[in-house]
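**Student:** Just passing along the structure, written as structure tokens.
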Amino acid sequence: MFISKTEKEDLFHRIAVLEQTVIDMKTWLAPKPEESIRKGRQWSLEQRAIASANMKARHAKEKPPKENT
Numbered sequence: 613m614f615i616s617k618t619e620k621e622d623l624f625h626r627i628a629v630l631e632q633t634v635i636d637m638k639t640w641l642a643p644k645p646e647e648s649i650r651k652g653r654q655w656s657l658e659q660r661a662i663a664s665a666n667m668k669a670r671h672a673k674e675k676p677p678k679e680n681t
């Protein structure tokens, strides 16, 4: 199966976006040292807003799927 250069670049871009999303989610779920045990894994509103904005910006950069012609 032959993959064109643009398709290959698109796949690498999508993989990079997914890898960064996984890193963000791990960061989001990781307990912060300054949090008490009772608070668990809760993020402050500011932390959630920053992470949400980062994820939205990253997904906005994703290329739309190309149509085969």
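Basically this note's numbering = 1-based index in the sequence shown + 612.
For each residue, glycine too, the CB sits at the ideal point set by N, CA and C.
All values reported here derive from a predicted model rather than from experimental measurement.
1) What is the rounded straight-line gap between the Cα of Met667 and the Cα of Ser616?
2) Round the Cβ separation of Gln632 and Arg670 to the nearest angstrom and send it over; I've been treating them as touching at under 8 Å.
3) Would you kindly check if the distance between the Cβ of Asp622 and the Cβ of Ala663 is under 8 Å?
**Tutor:** According to the structure data:
1) 28 Å
2) 6 Å
3) no
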